[in-house]
Each structure stands twice: as structure tokens, then as C-alpha cells.
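Read in order, the letters of the sequence shown are residues 0 to 102 in numbering that gives the first Met the number 0. For each residue, glycine too, the CB sits at the ideal point set by N, CA and C. Notes for the one structure printed next.
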Amino acid sequence: MGVEPVTITHYTIDSLDRTFVEKLIPDFEKKYPNIKVKVTKTPYEQFDSKLQSSIAANNSPDVTSHWGYGGFMEYYNKGMLADLARSCRRMDSKLPNITFRMM
């Protein structure tokens, strides 16, 4: 009985400082062979619009990177963000070098 393969989508801004996302994927997929990561890069000027449109169309990404400026508070106020605090607290023992204080 195997695990069903899954593809997760990651929206990010198309800029040179975001290339780290794609560099991490091969190691991640090697460690978790049943999970594939599809990255969608969007120019900075179009990012908020594209993300909000995808959420409104019930086609939101599984993961997105947002650094707290721009539309972040708007997403929060509209209930477009999932609260990960409980999940992160359960991860404390598995990720001892990560802090979740901001959650």
C-alpha cells in the first residue's frame, strides 16, 4: 500500500532573490519522493493581483511567499490566510532550530 503522489503549488515573486526556492526543490523532492513542487513565478507588480484572483477563483496555491508588506494585511483582513500557529507548535520537537514566536 503506497502513498499517493501529490503536487503542491508555490506562488512566488519572479526576482533574482527568490531563486532559492527552485534550488531547494530537488533536495526536497528527493527526501519526499511522493511530493512534487510546482513553482509559479509572477512579476512583483502583478503578484498581489494574481494571488487574490486565484484565491477568489478557489484555485489558491498551497504555499506562497509574502514578506509582510504590500497586500499581506489585506489578505489577513479578508480571511485569505490559514492560521498555522497550532501546526507550527506541534512541529517544535521536529524543528528545534526554528522559532515560531511570530505566530
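Exercise for review: Please report the residue range of the beta strand (DSSP E) in which tyrosine 74 lies.
Suggested key: Segment 71-76 is the alpha helix (DSSP H) holding tyrosine 74; no beta strand (DSSP E) there.
Point to revise | Contained alpha helix (DSSP H) runs [length at least 4] in the segment 15-75, N- to C-terminal order | key: For secondary structure counted as the alpha helix (DSSP H) over 4 or more consecutive residues, the segment 15-75 holds these complete runs in sequence order: 19-30, 43-55.
Practice item. Check the C-beta distance from histidine 138 over to proline 42 and give it rounded, since I have them as a contact under 8 Å. Key: The structure shown does not extend to residue 138, since the chain is modelled only from 0 through 102, so no value can be given for it.
Check your understanding: Going by C-alpha distance, which of Ile12, Pro4, Asp26 is nearest serine 48?
Key -> Ile12
Exercise for review: Closer than 8 Å by C-beta to valine 5: which residues in its own chain qualify, once you throw out the five before and the five after it? Chain order, please.
Suggested key: Asn33, Ile34, Lys35
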